[in-house]
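Number of protein chains: 2
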Amino acid sequence: MTRHANRTTGARLRIVLRPDVALGPGKAALLDSIQETGSIAAAGRRMKMSYKRAWSLIETLNRDFGTPLVATSKGGKSFGGATLTETGSRVLALYRSMERRTQESIQEDFHALQRLLPDIPK
Amino acid sequence: MTRHANRTTGARLRIVLRPDVALGPGKAALLDSIQETGSIAAAGRRMKMSYKRAWSLIETLNRDFGTPLVATSKGGKSFGGATLTETGSRVLALYRSMERRTQESIQEDFHALQRLLPDIPK
Chain A
8 MTRHANRTTG ARLRIVLRPD VALGPGKAAL LDSIQETGSI AAAGRRMKMS
58 YKRAWSLIET LNRDFGTPLV ATSKGGKSFG GATLTETGSR VLALYRSMER
108 RTQESIQEDF HALQRLLPDI PK
Chain B
8 MTRHANRTTG ARLRIVLRPD VALGPGKAAL LDSIQETGSI AAAGRRMKMS
58 YKRAWSLIET LNRDFGTPLV ATSKGGKSFG GATLTETGSR VLALYRSMER
108 RTQESIQEDF HALQRLLPDI PK
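For the record, the sequence lines run as chains A and B.
Using our numbering, read the first sequence as starting at 8 and increasing by one per residue.
Using our numbering, read the second sequence as starting at 8 and increasing by one per residue.
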């Protein structure tokens with residue numbers, strides 16, 4: 008999750024909503040992956056985190072928001088299946104919106120800062 | 008440095024300028040503290056980081072930008088004194104500007120996200 012965090016240029020946004028209640032790139036990517044894979048295990052694998060770690064992040068989110076952001080099926084054919092709840096989708100959409108607005112608003116300063124860097128040695 | 012990172016509500020911004028060249032709240036706070044205290048040791052103490060850790064962050068910044076962001080005096084009465092160079096001041100100012108622009112641009116989404124949180128239990 009953090010291994011490639013510094014490879015892609017741009018802004019990383021971490022939002023502290025309340026003391027000790029935070030939302031950042033890791034949780035957002037996990038919600039994204041659950042939405043795409045329909046599975047916590049698959050989302051965890053994609054993010055190279057353990058199932059336990061993925062569950063722990065989801066439990067934190069569910070507790071922080073006082074309502075599930077991820078809904079899981081407990082048995083039957085879809086055992087282990089997971090989807091975002093309406094709140095989960097809303098939280099993810101708001102975070103992605105904040106990322107876009109941030110990137111747009113800082114663009115000028117960002118390039119000014121990049122121009123201070125030395126040329127990359129060949 | 009990270010101990011209180013999640014206590015104050017708002018946005019935390021981490022800027023990746025180039026693969027493995029990043030600027031975030033920690034380095035910015037260190038530059039701020041050096042500007043205010045005129046000393047790497049004092050800045051480190053204020054941020055509850057070791058002198059070694061403070062120096063390591065500064066060396067990383069100086070190397071990344073290919074020019075010193077922090078100038079130190081090597082001897083005499085002001086031994087250990089440190090100031091921001093023109094580039095150091097410029098980098099810090101650009102980072103603070105990006106923080107302000109971010110906070111402004113995300114304000115609406117930020118409050119929408121906060122409203123999804125449950126009331127704090129008494």
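Each residue gets a CB set at the ideal place from its N, CA and C atoms; glycine is no exception.
Between residue 73 of chain B and residue 125 of chain A, the C-beta spacing is below 8 Å.
Boundaries of the alpha helix (DSSP H) around residue 51 of chain B: 47-53. Contact holds between the region 11-23 of chain A and the region 107-117 of chain A, because three or more Cβ pairs, one in each stretch, are under 8 Å apart.
Nearest in C-alpha terms to residue 90 of chain B, of all of B:121, B:122, B:41 and B:22, is B:41.
Around the beta-carbon of residue 46 of chain B, 16 or more other beta-carbon atoms lie within 10 Å, marking it buried. In the structure shown, residue 14 of chain B falls within a coil segment according to DSSP collapsed to helix, strand and coil. Among the CB atoms of chain A, one or more fall inside 8 Å of the CB of residue 28 of chain B.
The criterion of a C-beta distance shorter than 8 Å is not satisfied by residue 64 of chain A and residue 95 of chain A.
Between residue 119 of chain B and residue 101 of chain A the beta-carbon gap is near 6 Å, inside 8 Å, which marks them as a contact. Taking a 10 Å sphere around the C-beta of residue 127 of chain B, we find fewer than 16 other C-beta atoms and assign the residue as exposed. Under the 8 Å criterion on CB atoms, residue 67 of chain A is classed as non-interfacial with respect to chain B.
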